[in-house]
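Enquirer: Sequential numbering from 54 applies to the sequence shown in my numbering. Ideal placement from N, C-alpha and C gives every residue a C-beta, glycine not left out.
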Amino acid sequence: MKKVAIIGSGSWGVALAVHLAKLGNEIKIWSFMQEEADLINKERKCKFLPGIEISENIMCTTSYKEALEDTDFVLHVTPSKFTRNILKEYKQYLKDQPVIICSKGFEEETLNTLDEVFKQEVPNTKIGVLTGPSHAEEVALFMPTLLVVASKYEEISNTIQNTFMCDTMRVYTSTDVKGVEIGGALKNIIAFCAGAAAGIGLKDNSFAALVTRGMAEIVRLGVKLGGQYETFYGLSGLGDLIVTCMSEHSRNRKAGKLIGQGVSLEEAKKQVEMTIESIDNIDVAYKLSKIHDVEMPIVTTVYDVLYNNLKPEEALKILMTRTKKSE
54 MKKVAIIGSG SWGVALAVHL AKLGNEIKIW SFMQEEADLI NKERKCKFLP GIEISENIMC
114 TTSYKEALED TDFVLHVTPS KFTRNILKEY KQYLKDQPVI ICSKGFEEET LNTLDEVFKQ
174 EVPNTKIGVL TGPSHAEEVA LFMPTLLVVA SKYEEISNTI QNTFMCDTMR VYTSTDVKGV
234 EIGGALKNII AFCAGAAAGI GLKDNSFAAL VTRGMAEIVR LGVKLGGQYE TFYGLSGLGD
294 LIVTCMSEHS RNRKAGKLIG QGVSLEEAKK QVEMTIESID NIDVAYKLSK IHDVEMPIVT
354 TVYDVLYNNL KPEEALKILM TRTKKSE
């Protein structure tokens, strides 16, 4: 039995808590909002996961000190754009616990991956990354799910693997922290595009083409940024790309579909209601592609859709009429 702190009370943080609690672990969740903490503690519910019962070995608090005190490891599960500021607030309460990054994305202002943010803020803390094709809604219902944990510290990977694994969750280990993290961040962009494609009425042929060529762009940039080629065809790359592109659970796909249907960006954010990592990541990926001279036509056109008023239908035409290439 482990004592686990979870920083973030969104759907993914609570789903991880529900999974670990069922296995007999003691969970303390930190929430930014008292009303979310009260809902978990008093009514044993989470507003992001309706119908899921919160077990008694899960508690929620708005105090970093209380959440982190006397815990074996920390799961960091906040939107990427808030990661540094929240880490700055709670790092004083870290002792020697490792921190496992469960968020997916880049820091927009610096173009850093989240493990780089942690290395800058808490250089003496051991870090891991947990990711993979895993919708919170299904994990909370104990549907079979595969994840990958990456760390340069073997003992951290083994601890996470042993703590999470059961007959409904299988966890693989990796040492490629950079590749695992980048795959999880970039796939959100292609999922957004898959939604936009659905929004303008495209079907299976177009979807398959988008996923395949989107994967090529992820690999090109990911390898340039230091990830290993093989990693991107594993759970954190291809696996996560497939589930996020095809599922109605995906907030990134939903946002893209709304844009494809002609809804404004601000209205799409309102309708989705939760953080849409892809929107921030599109800007980051576009800038990184220019800095590293990596050809990313899908990213470039979706960037123009979001920020330069390009119509999704025109973006499709641009992609379909590009200069002839060999595969």
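Exposed or buried, what is serine 62 when buried is set at 16 or more other beta-carbons lying within 10 Å of its beta-carbon?
Expert: Position 9 of the sequence shown holds residue 62. Answer is buried; the Cβ neighbour count reaches 16.
Enquirer: CA-CA distance, aspartate 293 and phenylalanine 171?
Expert: In the sequence shown, residue 293 corresponds to position 240, counting from 1. In the sequence shown, residue 171 corresponds to position 118, counting from 1. The straight-line gap from Cα to Cα measures roughly 23 angstroms.
Enquirer: So what does DSSP say about lysine 378, is it helix, strand or coil?
Expert: Residue numbering aside, residue 378 sits at position 325 when the sequence shown is read from its first letter. In the structure shown, lysine 378 sits in coil (DSSP, three-state: anything other than H, G, I, E or B).
Enquirer: Pick from Glu270, Asn334, Ser379, Met222: whose alpha carbon is nearest that of leucine 164?
Expert: Looking up residue 164 in the sequence shown gives position 111. The residue with the shortest Cα to Cα distance from leucine 164 is Asn334.
Enquirer: Whose C-beta lies closer than 8 angstroms to the C-beta of valine 325 among residues of the same chain, with five residues either side of it excluded?
Expert: The sequence position of residue 325 within the sequence shown is 272, counting from 1. Result list for valine 325: Arg304, Lys307, Ala308, Leu311, in chain order.
Enquirer: List the whole-angstrom C-beta distance separating serine 289 from valine 201, where the pair is believed to meet the contact cut-off of C-beta under 8 angstroms.
Expert: Locating residue 289 in the sequence shown gives position 236, where the first residue counts as 1. Locating residue 201 in the sequence shown gives position 148, where the first residue counts as 1. Their Cβ separation, rounded to whole angstroms, is 5 angstroms, which keeps serine 289 and valine 201 in contact under 8 angstroms.
Enquirer: Please tell me whether glutamine 150 and threonine 124 are closer than 7 angstroms, where the distance is taken between their beta carbons.
Expert: In the sequence shown, the residue the question calls residue 150 occupies position 97. In the sequence shown, the residue the question calls residue 124 occupies position 71. In this structure, threonine 124 lies closer than 7 angstroms to glutamine 150 by Cβ.
Enquirer: By how many angstroms is the C-alpha of serine 204 removed from the C-alpha of aspartate 229?
Expert: Translated into positions along the sequence shown, residue 229 becomes position 176. Translated into positions along the sequence shown, residue 204 becomes position 151. Those two C-alpha atoms are separated by around 7 angstroms.
Enquirer: Please list the terminal residues of the continuous alpha helix (DSSP H) segment that includes histidine 302.
Expert: Translated into positions along the sequence shown, residue 302 becomes position 249. Histidine 302 -> no alpha helix (DSSP H), and no H or E assigned at all.
Enquirer: By DSSP, does threonine 166 sit in helix, in strand, or in coil?
Expert: On the sequence shown, residue 166 is found 113 positions in, with the first residue counted as 1. Threonine 166: strand per DSSP, three-state reduction.
Enquirer: In this structure, what does DSSP give as the bridge partners for asparagine 180?
Expert: The residue labelled residue 180 in the question sits at position 127 within the sequence shown. It is isoleucine, not asparagine, that sits at residue 180 in the sequence shown. Beta-bridge pairing links isoleucine 180 to Val152.
Enquirer: Do the region 247-262 and the region 274-286 touch if we need at least three Cβ pairs shorter than 8 angstroms?
Expert: no
Enquirer: Between Thr184, Thr221, Ser187, which lies nearest to phenylalanine 195 when the distance is taken from Cα to Cα?
Expert: Here residue 195 refers to the residue found at position 142 when the sequence shown is read from its first residue. The shortest C-alpha separation from phenylalanine 195 is found at Thr221.
Enquirer: Tell me phenylalanine 245's beta-bridge partners as DSSP assigns them.
Expert: Here residue 245 is taken as the residue at index 192 of the sequence shown, counted from 1. Answer by DSSP bridge pairing: none, since phenylalanine 245 is not bridged.
Enquirer: Provide the residue span of the beta strand (DSSP E) that contains phenylalanine 260, from first to last.
Expert: The count along the sequence shown starts at 1 and reaches residue 260 at position 207. Taken as a continuous stretch (DSSP letters only), phenylalanine 260 belongs to no beta strand (DSSP E), being part of the alpha helix (DSSP H) at 257-277.
Enquirer: Could you pull out every residue in the same chain whose Cβ sits closer than 7 angstroms to the Cβ of lysine 98, ignoring the five residues on either side in sequence?
Expert: Against the sequence shown, residue 98 aligns to sequence position 45. Closer than 7 angstroms at the Cβ level, and outside the excluded window around lysine 98, lie Leu92, Ile107.
Enquirer: Name the DSSP bridge partner or partners of serine 227?
Expert: On the sequence shown, residue 227 is found 174 positions in, with the first residue counted as 1. Partner(s): Ala203.
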